[in-house]
Ligand code: GLC
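Numbering (this note's numbering), first residue to last: 1 to 483.
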């Protein structure tokens, strides 16, 4: 019998994607299945997500039936749908409460609290509905963390609990008042501060057998006051049950040699074909058609986490006699959007703010930019730096979390990108200038591009590490039973 893993997430591409969690939940489960199959390991991951009314369903899903979930308010019916995607089965759970808000997250914390508290009860009841024995439940972030907490109230034998942390800063604040109606009691744990006892993410952490931050770098950082969000002592107490695993990217979607959105496809050995992409993006954005001017780019949610404010300041510090162009693609914080517009007015020849979400354009920018900017304040893993390296745009990034784990420092000469530690405009500007200097030495630059493009950024090693972690967890519990 195959080991059965139930993977829970609030979002999963291509059905719904709000952030990086959507990419991961839409790809990793199938990659784990593929890796297990290829190594002859009997293990199957199946995914469960809420049926948000905004789900985009390419094919109409099979309706499998329904089951009842009891809450203190009475019974609620949950209807189950099934659809396959990228080597994995996705189950969609629909109910009055789960489907009460259109998208994965709303602006009403209490509504979201009710939605995910109820989803968690439904997810624990779900294996019985499909008549499955599940060995592992793998939840992600605060939204599905409550599943693990609820699971712990069930008698043994029960599935092992795994929790991935994609962003510790989102603890599920504002949802506490919604939880008692679904039977949730505060978590009492040594080192868990009082204020965190009724917050979904810490509750989930307290119940998890294994905690998986999305990179080893982030796993270490969250043990410190700077990144621990006030939970560092508690997380330190769970250190031996924590293992950081870095994400990958879908190398079929992100393949510069076959990407249909590019003006010109290229590989590490046909780098001269890359330049057509730079002219194309200069043309599209109305920048001067100049192959020799270094083209910087950032593709990002515009928010504080991403250090976009520092980027704006740094661009203002670049000396006037150094030519550069910069394209920013993304939406987000209105204040930052405003600042971006102001910068474009100040630098009409150099700076373009494309305040929109445009996937084809993003592909073209990765392929055309020379230098990719990621000055994140913190970055649990980061996906854009993996894409940019695969597309030969060398990253300039803050040495934090997953960025530190996935970019080889030293610049084009010896590495795959540029890492800086101190997050201020002067340091970022100096690092950009270093990258521009290297860019002007074509030989060195191409060496860096080739090194970056040949890095393994696929999901394969991440998938294998997840399989090992799952099997280890089951192995440990066998030993526990034997003692
Ligand atoms: C969150 C993090 C990001 C990570 C993604 C997927 O969005 O902020 O760093 O890459 O989750 O794990």
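For every residue, glycine included, the Cβ atom is placed at its ideal position computed from N, Cα and C.
Let me know the secondary structure DSSP gives residue 79 once reduced to three states.
The answer is strand: DSSP assigns residue 79 an E or B state.
Kindly provide the ranges of any beta strand (DSSP E) runs that are 3 or more residues long and lie completely inside the segment 393-435, ordered along the chain.
Fully enclosed beta strand (DSSP E) runs of 3 or longer: 394-398, 418-420.
To which residues of the same chain is residue 307 closer than 7 Å at the C-beta, ignoring the five residues directly before and after it?
Cβ neighbours of residue 307 beyond the five flanking positions: 375, 376, 377, 398, 423.
Quick one: what's got a C-beta closer than 7 Å to residue 178's C-beta in the same chain, skipping five residues either side?
Taken in chain order, the residues that qualify are 110, 113, 114, 117.
CA-CA distance, residue 388 and residue 365?
So the two alpha carbons sit approximately 9 Å from each other.
Helix, strand or coil: which one does DSSP assign to residue 70?
Three-state result, residue 70: strand.
Using only CA atoms, which one of 318, 324, 10, 316 lies nearest to residue 91?
It is 10.
Compute every distance between the C-beta of residue 19 and the non-hydrogen atoms of the ligand GLC, then say whether any falls below 7 Å.
Result yes, Cβ under 7 Å from the ligand GLC.
Taking just the CA atoms, how far does residue 406 sit from residue 451?
If you take the alpha carbons of residue 451 and residue 406, they lie about 13 Å apart.
Assuming residue 163 contacts residue 204 (C-beta within less than 8 Å), just tell me the rounded distance between them.
Confirmed, Cβ separation roughly 5 Å.
In the DSSP assignment, find the beta strand (DSSP E) that holds residue 492 and state where it starts and stops.
Because residue 492 is not part of the residues shown, which for the chain are 1 to 483, the question remains open.
CA-CA distance, residue 200 and residue 437?
So the alpha carbons of these two residues sit roughly 48 Å apart.
Helix, strand or coil, according to DSSP, for residue 62 in the structure here?
Three-state result, residue 62: strand.
Taking C-alpha atoms, which residue in 298, 284, 94 lies nearest to residue 51?
Cα-wise, what sits closest to residue 51 is 94.
Quick one: grab the DSSP three-state call for residue 160.
It is a strand residue.
Taking 7 Å as the limit between beta carbons, can you name the residues of its chain near residue 313, skipping five residues before and five after?
Excluding residues within five positions, the ones whose Cβ falls inside 7 Å are 425.
Pair every Cβ in the segment 319-330 with every Cβ in the segment 442-450, then say whether three or more of these pairs are closer than 8 Å.
No: the two stretches stay apart, fewer than three of their Cβ pairs being nearer than 8 Å.
Tell me whether the beta-carbon of residue 231 lies closer than 8 Å to the beta-carbon of residue 190.
Not closer than 8 Å, so no.
Per DSSP, what kind of secondary structure is residue 242 in: helix, strand or coil?
Residue 242: strand per DSSP, three-state reduction.
By how many angstroms is the C-alpha of residue 434 removed from the C-alpha of residue 250?
Whole-angstrom Cα-Cα distance: 31 Å.
Tell me which residue opens and which closes the alpha helix (DSSP H) that residue 352 is part of.
Where residue 352 is concerned, there is no enclosing alpha helix (DSSP H), although the beta strand (DSSP E) it sits in stretches over 351-354.
Would the segment 286-302 count as touching the segment 260-270 if we require 3 or more Cβ pairs under 8 Å?
In short, these stretches do not touch, since the Cβ pair count stays below three.
Does the ligand GLC have even one heavy atom less than 7 Å from the beta-carbon of residue 162?
Outside the cutoff, so no.
Where does residue 159 land, buried or exposed, given buried means 16+ other C-beta within 10 angstroms?
Label assigned to residue 159: buried.
Just to check, is the beta-carbon of residue 229 closer than 7 Å to a non-hydrogen atom of the ligand GLC?
Result no, Cβ not under 7 Å from the ligand GLC.
Roughly how many whole angstroms lie between the Cα atoms of residue 186 and residue 148?
Roughly 14 Å between the two C-alpha positions.
Any idea what DSSP makes of residue 53, helix, strand or coil?
Coil at residue 53, not helix or strand.
May I have the straight-line CA-CA distance separating residue 97 from residue 7, to the nearest angstrom?
The straight-line gap from Cα to Cα measures roughly 21 Å.
With burial defined as no fewer than 16 other Cβ atoms inside 10 Å of the residue's Cβ, what is the status of residue 131: buried or exposed?
Residue 131 is exposed by the Cβ-count criterion.
Is residue 244 near the ligand GLC, in the sense that its beta carbon is under 7 Å from a heavy atom of that ligand?
No.
Using a Cβ-based criterion (distance less than 7 Å to any ligand heavy atom), does residue 333 qualify as near the ligand GLC?
No.
Shortest alpha-carbon distance to residue 181 belongs to which of 35, 333, 75?
The candidate whose alpha carbon is nearest that of residue 181 is 75.
Thinking C-beta only, is residue 463 closer than 8 Å to residue 35?
Cβ atoms of residue 35 and residue 463: closer than 8 Å.
Using the beta-carbon count (16 or more within 10 Å), is residue 206 buried or exposed?
Label assigned to residue 206: buried.
Buried or exposed: residue 176, going by 16 or more other Cβ atoms within 10 Å of its Cβ?
With 16 or more other Cβ atoms within 10 Å, it is buried.
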